[in-house]
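Participant: Please see the structure below; I have some questions.
Protein chains: 4
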Amino acid sequence: MNGLPGSPRLDFASDNHAEAHPAVLAALAAAAPGPAPAYGGDRWTAAAEAGLRDLAGPAAVPLLVFNGTAANVLGLSVLLGPGDAIICAEQSHFAVDECGAVEAMLGRKLLTAPAPDGKLTPAAVEAVLERCADVRTPRPSTVALTQATELGTCYTLRELADLRELCDRRGLRVYLDGARLANAVARLGCTVADIARFADALSLGFTKNGALGADALLLMAPGIAVRAPYLRRQQGQLASKMRFLAAQVGALLDGGLWLDNARHANTMADRLAAQLAPLPGLRLAQRVESNAVFVELPRAATDFLRPRWAFHLLPTGPARLMTSHATARADVDGLAEEVRRSLR
Amino acid sequence: MNGLPGSPRLDFASDNHAEAHPAVLAALAAAAPGPAPAYGGDRWTAAAEAGLRDLAGPAAVPLLVFNGTAANVLGLSVLLGPGDAIICAEQSHFAVDECGAVEAMLGRKLLTAPAPDGKLTPAAVEAVLERCADVRTPRPSTVALTQATELGTCYTLRELADLRELCDRRGLRVYLDGARLANAVARLGCTVADIARFADALSLGFTKNGALGADALLLMAPGIAVRAPYLRRQQGQLASKMRFLAAQVGALLDGGLWLDNARHANTMADRLAAQLAPLPGLRLAQRVESNAVFVELPRAATDFLRPRWAFHLLPTGPARLMTSHATARADVDGLAEEVRRSLR
Amino acid sequence: MNGLPGSPRLDFASDNHAEAHPAVLAALAAAAPGPAPAYGGDRWTAAAEAGLRDLAGPAAVPLLVFNGTAANVLGLSVLLGPGDAIICAEQSHFAVDECGAVEAMLGRKLLTAPAPDGKLTPAAVEAVLERCADVRTPRPSTVALTQATELGTCYTLRELADLRELCDRRGLRVYLDGARLANAVARLGCTVADIARFADALSLGFTKNGALGADALLLMAPGIAVRAPYLRRQQGQLASKMRFLAAQVGALLDGGLWLDNARHANTMADRLAAQLAPLPGLRLAQRVESNAVFVELPRAATDFLRPRWAFHLLPTGPARLMTSHATARADVDGLAEEVRRSLR
Amino acid sequence: MNGLPGSPRLDFASDNHAEAHPAVLAALAAAAPGPAPAYGGDRWTAAAEAGLRDLAGPAAVPLLVFNGTAANVLGLSVLLGPGDAIICAEQSHFAVDECGAVEAMLGRKLLTAPAPDGKLTPAAVEAVLERCADVRTPRPSTVALTQATELGTCYTLRELADLRELCDRRGLRVYLDGARLANAVARLGCTVADIARFADALSLGFTKNGALGADALLLMAPGIAVRAPYLRRQQGQLASKMRFLAAQVGALLDGGLWLDNARHANTMADRLAAQLAPLPGLRLAQRVESNAVFVELPRAATDFLRPRWAFHLLPTGPARLMTSHATARADVDGLAEEVRRSLR
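Residue numbers (the working numbering), protein chains in the order written: chain A, 1 to 344; chain B, 345 to 688; chain C, 689 to 1032; chain D, 1033 to 1376.
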């Protein structure tokens, strides 16, 4: 069930290719029978929201949505004042992968900063502020971070604190795209709350981490929650049968399955990186700090691997190898073996 | 599992309160294991799209989305030229229930027409055109119909043909909101294609008809499909793990389950109406042509029923009683009995 | 120079048809020679803004724009939070005359209330709030008034105070469309500040009152001005050669010309109404409280007048006769005479 | 009247700082007396539109607007299909100077290409198409050129033909920002039509070329004009007293004043460049092909000049010296002399 027969193996192409976790399916089956209030008035939603508050802090206001783009758009729409612009890393998912959703749905300009390792720095933010200092550019009011980043790296808590300090000083809000926040939490050995406290709003992704399709937005700043339920519906993200989003989230929160899943994915990435790093003629392009391995391969190696394994090649060169909750140790070892062969 | 203990019974409050069909859950479980291409490159999506073309015609281009608001916004965004406006019935779901999604996401003005039975007429459309004849009003370019309507009625094929003829003559496109199209097909004894051929784009709802959450947009007019995949992603409606939308749709298409479900819901509405209609002091407010019974009740009857059953009261007075694929004959008879008691 | 030869006389068709005041042209000629800073850094802009603060109060923040639609859109964009909706009278200019500018440029839904005399009442506002009480409708956050109204009437200061009190109580902001505010000020014998204090933002129109084309937005609520200059540019309303908007406003502010012009227009409307009111077979449809006379005429009279005079007929029946700063007494008497003839 | 006393001289800071041409003021005074139809039904508008068709070709559809941002937004809104994106040079005015107007008012993403001399090339356009080849990026459908460019250079007719050929081949439309088209026409010794035939829509600026504030949009592609009048009103760009935009345009078209003005500005730029080019320690950063001279100066020279003359410094270093219809020969020689002093 791995793509078409004879097609490349999908295992490391994307964590979006991964299967749904059996516990999630079981929870859906359990939630299905009988009528339940629509639009979030059900007990599964109440439980999932409570679980999310347990993670992020009692003042967090959680909203379930269908996917990560939706969480980003909803989160930014809550934070941005009229006409404001967003400062983000040039690789941000919503800057390059979401088909202009922020521009189209929110009418906002993205002010991008270079981020060679995927991470914004205070200096990079300051540089954007400096070049956007009059009405020729829309007013930057929100800095958007991604944790873990698009390049598989993680901001340390110290780095997040420094960025937050800058933002407070310059009157900027912080949005954090946490499509892979679980992997960052697993890597840093911290809690969701440890990261969430630096953000005014953040997403927490479940889709890539074992769900069929469900992500959460968490509103942290006081007073910003009043409009969010309206915006969610306006943006087409209010599930009528919300219990079926909530049951997925509930299953993953239950017993910390979300964290186990993320830890496993990270461990598989580490295992892969450990086997690849020593190989001559190959270079890890980024530090491995979540569930992604970016590796620069000789052209011949790439040509050898492409018909066998599906993976992305960045425009800048490196191959991206993603692991997930469902990645098997044997698959990692199998891929590493084929990379070794490709280099001969 | 019917709301909180002691709370009103939900059975007739909304078809969105209904359970998911077991066949849908089984299909999800079957689709879950192993990796699969993301974003619709999987075989479940291919199968669901083929099934939808079987229903609507070989030239139809289907796109799966998360819910009905999304299908409406996506469908309208494909049809509308720059700055164009929409003509619709005053009760249209996107005019009164979707929190201004069309205005917010598409920047469009809705030009509403009165529709006492939920159905637009050629005369009503002409009247809007007449009052919107210069640049003070945005140019109406698309007529949006709902089938079955918000008031539980159905356009006949003759009525649809007449509206289409008017629209062709006046250079207008036709969008059809088919959140409950299945119920209309079941009622009219026609096919989806019989209705779809009058529309340039239409939605086909599964969420209210047994799914957990999945709706389809069907593009019928030649040449309009090129932008739709971009718009779907831009609007936050591209499921990364699309197989889990597709498996739901596949399960409902399989063996005509979608039509069986709709037939059952309609039959239950008929059964309810048949028991209520003869009662003195009560009046059916609309013809029962799908899975909704609108009934005018004396105030005392309403007061008696409200603590026992959840149902909507229209601003204009009537109570709305919805049936679904999961409505049991005994529940219908039970409700009818309580209505009889309420009238004593 | 009154339309094409043989075409109907334009004098009472619209105050937008009126000539520019000679003092405005003189001011433009005086401002023209030599270089001056662009985008509002010039001394004419400084003077016009100072003059506007003299009218509206020292805390008012004025912004010049090209026309009334622009002032409305800019003013509302400053006041509305994400996704919020607007409560307004059904005849509001931006609801029926501005081609969906608010929907298109701001993505907002207008929640209209009936207003038989053009004026919103607290009860009408409350009724909208009641029918918009959950996420199915976008959150109303701003009430938009028009002073003088589209039907030529004026809110009294007492009525404005009552509406403001309601809005404060319900957490609503107030926008006031003052395209003809001068006429209201002249009628009420009050100051601009007397009205402006009830609004969070308001426009003050000069185009209909002697300018070539220039209107002002006045921001009254503390703290809302920071984004306005950005929004003005974003919305295409920042004049590069701002001195030529400012010189127009300056000329009209100078010596109270704006108020003299409005008084004259009002007086001409009164003179017209006084001659028409006693005529049998004719009825004033609205009280004459600014520079508009709405009059119900027999069909035969309308048919007699239409080839001779340009005027609007409301969909609801009455003819609209507008006066302006340039209306001559003899023209009023001439029109009145022809109306008398039309009724014979 | 050159800024504040003691402040730097404005003469070369921007063509937006230039005075209005006396012929324009005379035309306004002539158009002012008496009533005239609003919203473009007047004879000045008819004459200006006829004059614009004389320039651009009989099939051109002209629309007057208030400024260049408005013309860009309106022109792009006419050309772009739902969700489409725009390919443009990184320095495009609407990409960096218009406060995100395209994003905010049209919800569009700008796909920028490097253009060291301000000019897009077919190769640069192809490179954008290549990196935007799936739904992760909105569909590019329109290439936007600027003529003369932001860097004072001009596309040759050959270069425009090559870009048009590419766009035809790839199904792309062409928008041309002609805020300084007059200067390009003067430089190339061609006609407006010679350039306009390569565009589907283009703007023709008058504000920087002697008007108080008036620009034109010219629609060239057949069939695109139907929505433009609606969009103009929707975007707040329909002047109620249109005669006062039209009279400005008419005065500049009359006897080719627009071209004389542009020729003069170009000649002054040439004269300035001729004096600066031979100076040691100074480098012209761009070819001088319109009314701008970009020159790299030593830091000491810049420091010497800044308190005496207002001019822009690009982020990349060079100073921008703009000439206009009102630039005097003596001012050019005076500035050149001071630059010489600054280099000593």
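Every residue, glycine too, gets a C-beta built ideally from N, C-alpha and C. If you're wondering where the values come from, they're calculated on a predicted model, not measured in any experiment.
For H669(B) and chain A, any beta-carbon pair shorter than 8 angstroms?
Facilitator: no
Participant: List the endpoints of the continuous beta strand (DSSP E) containing R752(C).
Facilitator: First, the residue type needs correcting, since residue 752(C) is Leu and not Arg in the sequence shown. That run of the beta strand (DSSP E) goes 749-753.
Participant: So I568(B) is in the beta strand (DSSP E); what residue range does that whole segment cover?
Facilitator: Per DSSP, I568(B) belongs to no beta strand (DSSP E) and is neither H nor E.
Participant: I need the straight-line Cα distance from D856(C) to I775(C), nearest angstrom please.
Facilitator: 14 angstroms
Participant: Does G3(A) get closer than 8 angstroms to chain D when you measure Cβ to Cβ?
Facilitator: Because the pLDDT at G3(A) is just 44, under 50, the model does not fix this residue reliably, and the point stays unresolved.
Participant: Please classify G1139(D): does DSSP put it in a helix, a strand, or coil?
Facilitator: In the three-state reduction of the DSSP assignment, G1139(D) falls in the coil class.
Participant: In whole angstroms, give me the CA-to-CA distance for R931(C) and L752(C).
Facilitator: Rounded to the nearest whole angstrom, the CA to CA distance from R931(C) to L752(C) is 10 angstroms.
Participant: At the 8 angstroms Cβ level, is S547(B) part of the contact set with chain D, yes or no?
Facilitator: no
Participant: Is the stretch 1235-1246 of chain D touching the stretch 1279-1287 of chain D in the sense that three or more CB pairs, one from each, lie closer than 8 angstroms?
Facilitator: yes
Participant: Do you know how far the Cα of A636(B) is from the Cα of Q630(B)?
Facilitator: 9 angstroms
Participant: Determine whether the beta carbon atoms of V1160(D) and R577(B) lie at a separation below 8 angstroms.
Facilitator: no
Participant: If you drop the 5 nearest sequence neighbours on each side, which residues of the same chain put their C-beta closer than 6 angstroms to that of A1309(D)?
Facilitator: L1316
Participant: In its own chain, which residues sit with a C-beta less than 8 angstroms from the C-beta of A1070(D), not counting the 5 before and 5 after it?
Facilitator: S1272, K1273, M1274
Participant: Roughly how many whole angstroms lie between the Cα atoms of F410(B) and D559(B)?
Facilitator: Roughly 6 angstroms separates the two Cα atoms.
Participant: According to DSSP, is R1008(C) part of a helix, a strand, or is it coil?
Facilitator: strand
Participant: May I have the straight-line CA-CA distance separating T327(A) from V417(B), to the nearest angstrom?
Facilitator: 37 angstroms
Participant: Whose Cβ in chain B lies nearer than 8 angstroms to the Cβ of Y230(A)?
Facilitator: C443
Participant: Please identify the residue among L157(A), E165(A), L163(A), L176(A) whose C-alpha is closest to the C-alpha of L188(A).
Facilitator: L157(A)
Participant: Just how far apart, CA to CA, sit L369(B) and E633(B)?
Facilitator: 29 angstroms
Participant: How about A1092(D) and Q1123(D): are their beta carbons less than 8 angstroms apart?
Facilitator: no
Participant: Whose Cβ in chain B lies nearer than 9 angstroms to the Cβ of P1065(D)?
Facilitator: Simply none; closest approach about 27 angstroms.
Participant: Find the nearest neighbour of V784(C) within the set R475(B), A606(B), D604(B), judged by alpha-carbon distance.
Facilitator: R475(B)
Participant: Less than 8 angstroms separating the beta-carbons of S1235(D) and G1255(D)?
Facilitator: no
Participant: Between which two residues does the beta strand (DSSP E) containing L1177(D) stretch?
Facilitator: Boundaries of the beta strand (DSSP E) around L1177(D): 1172-1178.
Participant: Can you pull the DSSP bridge partners for W1341(D)?
Facilitator: Residue pairing by DSSP places W1341(D) opposite R1041(D) in a beta bridge.
Participant: In this structure, how does DSSP classify T327(A) when only helix, strand and coil are distinguished?
Facilitator: coil
Participant: Does the separation of the CB atoms of V1204(D) and L1177(D) fall below 8 angstroms?
Facilitator: Here residue 1204(D) turns out to be Leu, not Val, going by the sequence shown. Cβ distance not < 8 angstroms, so L1204(D) and L1177(D) don't count as in contact.
Participant: Using 10 angstroms around the beta-carbon of S351(B), count the other beta-carbons present and answer buried if the total reaches 16, otherwise exposed.
Facilitator: exposed
Participant: Could you give the distance in angstroms between the alpha-carbon of Q835(C) and the alpha-carbon of A872(C)?
Facilitator: When rounded, the separation of the alpha-carbon atoms in Q835(C) and A872(C) is 6 angstroms.
Participant: Excluding sequence positions up to five away, which residues of its chain have a Cβ less than 6 angstroms from the Cβ of V1020(C)?
Facilitator: Excluding positions up to five away in sequence, the list reads M956, R959, L960.
Participant: Taking the alpha helix (DSSP H) that S421(B) belongs to, which residues open and close that run?
Facilitator: 412-423
Participant: Would you give the residue range spanned by the alpha helix (DSSP H) that E1182(D) belongs to?
Facilitator: Note, E1182(D): premise wrong, no alpha helix (DSSP H); not H, not E.
Participant: Apart from the five residues just before and just after Q1307(D), which ones in its own chain have a Cβ nearer than 6 angstroms to its Cβ?
Facilitator: A1368
Participant: Less than 8 angstroms between the CB atoms is what I'm expecting for R9(A) and R329(A), so what's the real figure, rounded?
Facilitator: Contact doesn't hold; Cβ gap of about 15 angstroms is too wide.
Participant: Taking DSSP as the reference, what is the three-state secondary structure of L1087(D)?
Facilitator: helix
Participant: Between which two residues does the beta strand (DSSP E) carrying A719(C) extend?
Facilitator: Per DSSP, A719(C) belongs to no beta strand (DSSP E); it is in the alpha helix (DSSP H), 710-719.
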